[in-house]
Amino acid sequence: MTDVAEVLFVAPDEYLAKIAALKADGFEMCIDVTAVDYLIHPGRPLPDGVEPARFEVVVNLLAMGEPRRVRVRVQVPGDEPHLPSLYDLYPGADAMEREVFDLMGIVFDGHPDLTRILMPEDWEGHPLRKDFDNVRVPVQFKAPRSTR
Amino acid sequence: MSDVVGDAPLPSVTAGTSEGAQEMAPRGATEGVALQIEQGVLRLPEGPTLDTGDVVIESGEDETMIINMGPQHPSTHGVLRLMLELDGETVLRTKAVIGYLHTGMERTGEELTYTQGGTNVTRMDYLAPLFNETVFSMAVEELLGIEIPERAVWIRMLLMELNRISSHLLYMATNGMDVGAISMMIYGWRERELVLSFFEKVTGLRMNHNFIRPGGTAADLPDGWRDDVLGLLEAIPPRLDEYDTLLTGQPIFRDRTEGVGVITPEAAIALSATGPLLRSTGVPWDLRRSMPYLRYDEVEFDVVVGSYGDAFDRYAIRLNEMRESLRIVRQILDRMPNGPYRVMDKKVTPPPRGRIDQSMEALIHHFKIFTEGFKVPEGEVYVAIESPRGELGCYLVSDGSAKPYRLHIRGPSFVNLQSLPTMLRGGLIADAVAVISSVDPVMGEVDR
Numbered sequence: 001m002t003d004v005a006e007v008l009f010v011a012p013d014e015y016l017a018k019i020a021a022l023k024a025d026g027f028e029m030c031i032d033v034t035a036v037d038y039l040i041h042p043g044r045p046l047p048d049g050v051e052p053a054r055f056e057v058v059v060n061l062l063a064m065g066e067p068r069r070v071r072v073r074v075q076v077p078g079d080e081p082h083l084p085s086l087y088d089l090y091p092g093a094d095a096m097e098r099e100v101f102d103l104m105g106i107v108f109d110g111h112p113d114l115t116r117i118l119m120p121e122d123w124e125g126h127p128l129r130k131d132f133d134n135v136r137v138p139v140q141f142k143a144p145r146s147t148r
Numbered sequence: 149m150s151d152v153v154g155d156a157p158l159p160s161v162t163a164g165t166s167e168g169a170q171e172m173a174p175r176g177a178t179e180g181v182a183l184q185i186e187q188g189v190l191r192l193p194e195g196p197t198l199d200t201g202d203v204v205i206e207s208g209e210d211e212t213m214i215i216n217m218g219p220q221h222p223s224t225h226g227v228l229r230l231m232l233e234l235d236g237e238t239v240l241r242t243k244a245v246i247g248y249l250h251t252g253m254e255r256t257g258e259e260l261t262y263t264q265g266g267t268n269v270t271r272m273d274y275l276a277p278l279f280n281e282t283v284f285s286m287a288v289e290e291l292l293g294i295e296i297p298e299r300a301v302w303i304r305m306l307l308m309e310l311n312r313i314s315s316h317l318l319y320m321a322t323n324g325m326d327v328g329a330i331s332m333m334i335y336g337w338r339e340r341e342l343v344l345s346f347f348e349k350v351t352g353l354r355m356n357h358n359f360i361r362p363g364g365t366a367a368d369l370p371d372g373w374r375d376d377v378l379g380l381l382e383a384i385p386p387r388l389d390e391y392d393t394l395l396t397g398q399p400i401f402r403d404r405t406e407g408v409g410v411i412t413p414e415a416a417i418a419l420s421a422t423g424p425l426l427r428s429t430g431v432p433w434d435l436r437r438s439m440p441y442l443r444y445d446e447v448e449f450d451v452v453v454g455s456y457g458d459a460f461d462r463y464a465i466r467l468n469e470m471r472e473s474l475r476i477v478r479q480i481l482d483r484m485p486n487g488p489y490r491v492m493d494k495k496v497t498p499p500p501r502g503r504i505d506q507s508m509e510a511l512i513h514h515f516k517i518f519t520e521g522f523k524v525p526e527g528e529v530y531v532a533i534e535s536p537r538g539e540l541g542c543y544l545v546s547d548g549s550a551k552p553y554r555l556h557i558r559g560p561s562f563v564n565l566q567s568l569p570t571m572l573r574g575g576l577i578a579d580a581v582a583v584i585s586s587v588d589p590v591m592g593e594v595d596r
């Protein structure tokens, strides 16, 4: 099996403390920060005691000494998508959190420079959200000019 | 724009443009930590890892200038735009502005079936397309819970190692061009073409192959593939030795790259850098060795590491990684097994063309797979492989339908670009070209 990561579920208020504990445990690199919008797929399998929320932020950490991976999944409510930033623990989370903010609209409190990174600054909305449907811009096609 | 947090008042130089907050603002308009990021100062829990006083940035505001490098600068390998604050020729601050090539490929991936998904992901890192296809296919296979046949595993490894060579050859070409060795550019492209014509013979296309698919590969290797690979094994090593003569010992090239863009192992790990960028600092981290996938634990190769973390180390690592890849390819030739090249599960792989004329069932399966695609069980999975640029990861969420619910690609170039402010700190603007080139970013993967 190629997915060797141990999956952990963390409540939003314990998120920062848990990641700090994992870092102290040897997970020295933050490989990836991403998020999923479960708006139209609410019934996903979750272990007991984990209350599903609209967003799920997924953090992949890597320990290099004795190679290990851990994947932290944290539920983020849809009405107030806030989470503390990992920047102080992992400076490498900078661009990844900006990407999640840009495309999914999750606000990382304490991030030093939380601006859009891929979309234009004046873009409205967050394109990877499942209720973002104005991606379909009507295109007006014209018939080629007749040569006869 | 009410959702932009920390929306500083737009400085006058960018007023009226649409990209205020993404750009580099005058120093007075940038706050503490954001300013430190641009200066390349890393804040770790133990405090900054750099002596912030080693570069004097306190010269008056009117003595420095902020210039744009890119997005149309030839050394930026596409549409990377760097904003640099310069004092004379010294770089004080750096900020990368990206997104010019953003086409929403992760969103597109949610609209395509798993059968079609390969055509999408292969266009992300367009210099190493076979890696993208492999990581996507491995994630789908992990969710499906299928094991691919031995021959498919070894075909994937063969193609990926050749792709690593072609990608590094292009790096050799562009890196040579960026530091002034124009002839190197011609040679790099020439040798890369040898590999690409082999790919064309195998997959039908030079790039963006969509050859590696969930369940195995699209087709078997063509007749005579072994002779072609032997031809490559014969043609490329002498050329690599020529590069050695042309660049490695050449004083001008060494002057341009040695001690340029230095990064420490601590900083590289903190900034999540992977691939040759991390290995140049002396950290022997290669997923093929550390967390083996496919059959990389059964082949012999060395993980090449540097010791100074400068641009020259990154050049030397890539040059020698090509030799290691050739060594792996030789072993693959000896060990390539016979047998099927894709799983025989009718729900995942389309039937052979000949069966469609004979069997009603085969026709139905063929029709179903190409119209609806196959359904993948619910779940989420993260798979990572070592691409020429670093850790290429695929996070895939399935809701049980025939299309991914969420497809996220962790692009190594995107993450590695974060190291630029640290590497450019206090250097000369002419060296910035060499440093960008040594990171070898592919903008298709940065912006996705």
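Taken in sequence, the protein lines are chains A and B. Sequential numbering from 1 applies to the first sequence in this note's numbering. Sequential numbering from 149 applies to the second sequence in this note's numbering. Yeah, the Cβ is synthetic: ideal placement off N, Cα and C, and Gly gets one too.
#1: Mind pulling the chain B residues with CB within less than 7 Å of VAL58 of chain A?
#2: Classify ARG501 of chain B: buried if its beta carbon has 16 or more other beta carbons within 10 angstroms, exposed otherwise.
#3: Measuring only between beta-carbons, confirm whether VAL583 of chain B sits less than 7 Å from chain A.
#4: Take GLN170 of chain B and list the residues in its own chain whose beta-carbon comes closer than 6 Å to its own, dropping the five residues that flank it on each side.
#5: With DSSP as the reference, identify every bridge partner of GLU539 of chain B, one or two as the case may be.
#6: Going by DSSP, what residues sit across from SER315 of chain B in a beta bridge?
#7: By the DSSP assignment, the beta strand (DSSP E) with PRO112 of chain A in it spans what residues?
#8: The beta strand (DSSP E) that contains ASN60 of chain A, what's its start and end?
#9: Measuring alpha carbon to alpha carbon, tell me which of B:ASP458, B:LEU426 and B:PRO552 ends up nearest ILE40 of chain A.
#10: Going along chain E, which residues have a C-beta under 8 Å from TYR90 of chain A?
#11: Just by C-beta distance, which residues in the region 518-540 of chain B are closer than 9 Å to chain A?
#12: Apart from the five residues just before and just after ALA35 of chain A, which ones in its own chain have a Cβ nearer than 6 Å to its Cβ?
#13: Could you compute how far the alpha carbon of ASP48 of chain A sits from the alpha carbon of SER315 of chain B?
#14: Please go through the same chain and pick out, in chain order, the residues whose beta-carbon is closer than 8 Å to the beta-carbon of SER546 of chain B, but skip the five residues on each side of it.
#15: Of the choices B:ASN268, B:ILE294 and B:LEU481, whose alpha-carbon is the least far from that of VAL491 of chain B?
#16: May I ask you to report which of helix, strand or coil DSSP gives ILE512 of chain B?
#17: Using a Cβ cut-off of 7 Å (strictly closer), state whether HIS82 of chain A contacts chain B.
#18: For HIS513 of chain B, I'd like the list of residues in its chain whose CB is within less than 8 Å of its CB, leaving aside the five on either flank, ordered along the chain.
#19: Does LEU39 of chain A have its Cβ less than 7 Å from a Cβ in chain B?
#20: Going by the CB atoms, is the gap between SER473 of chain B and ILE360 of chain B shorter than 7 Å?
#21: So is ARG255 of chain B in contact with chain A if we call contact Cβ pairs under 7 Å?
#22: Provide the residue(s) that pair with SER473 of chain B in DSSP beta bridges, ordered along the chain.
#23: Considering only the alpha carbon of each residue, which of B:VAL590, B:GLU539 and B:ALA550 lies closest to ALA421 of chain B?
#24: Say the cut is 6 Å; is the CB of LEU240 of chain B nearer than that to a heavy atom of the ligand MG?
#25: Closest to PRO618 of chain B by CA distance: which of B:ASP392, B:GLU446, B:GLU469 and B:GLY407 is it?
#26: How many angstroms separate the CA atom of GLN75 of chain A from the CA atom of ALA11 of chain A?
Let's see:
#1: By Cβ distance, chain B contributes TYR543.
#2: Exposed: under 16 other Cβ atoms inside 10 Å.
#3: Judged by the 7 Å Cβ criterion, VAL583 of chain B is not in contact with chain A.
#4: So the list reads VAL245, once near-sequence residues are dropped.
#5: Bridge partners of GLU539 of chain B: B:GLU534.
#6: Per DSSP, none; premise fails for SER315 of chain B.
#7: Element bounds for PRO112 of chain A: n/a, residue is neither H nor E.
#8: Its beta strand (DSSP E) spans residues 55-63.
#9: When B:ASP458, B:LEU426 and B:PRO552 are compared, the shortest CA-CA separation from ILE40 of chain A is found for B:PRO552.
#10: The chain labelled as chain E is not found among the protein chains of the depicted structure, namely A and B.
#11: If the cut-off is 9 Å between Cβ atoms, the region 518-540 of chain B has GLU526, GLY527, GLU528, VAL529, TYR530, VAL531, ALA532, ILE533 and GLU539 near chain A.
#12: The answer, listed in chain order, is PHE55, VAL57, VAL100, MET104 and ILE106.
#13: Going by the C-alpha atoms only, they are around 46 Å apart.
#14: If we look at SER546 of chain B and ignore the five residues flanking it on each side, its Cβ neighbours are LEU291, VAL524, PRO525, GLU526, GLY527, GLU528, PRO552 and TYR553.
#15: When C-alpha distances from VAL491 of chain B are compared across B:ASN268, B:ILE294 and B:LEU481, the shortest belongs to B:ILE294.
#16: In this structure, ILE512 of chain B counts as helix in the three-state DSSP scheme.
#17: HIS82 of chain A does not count as touching chain B.
#18: So the list reads LYS494, LYS495, PRO498 and PRO499, once near-sequence residues are dropped.
#19: Closer than 7 Å: no.
#20: Against a cut-off of 7 Å, the Cβ pair of SER473 of chain B and ILE360 of chain B comes out as no contact.
#21: Taking a beta-carbon distance threshold of 7 Å, ARG255 of chain B counts as an interface residue toward chain A.
#22: Listed as beta-bridge partners of SER473 of chain B by DSSP are no residues whatsoever.
#23: Closest option to ALA421 of chain B, Cα to Cα, is B:GLU539.
#24: Summarising the ligand content, the structure contains no ligands, and the ligand MG is consequently not present.
#25: This structure does not reach residue 618 of chain B, given that chain B is present from 149 up to 596, and the question cannot be answered.
#26: So the alpha carbons of these two residues sit roughly 7 Å apart.
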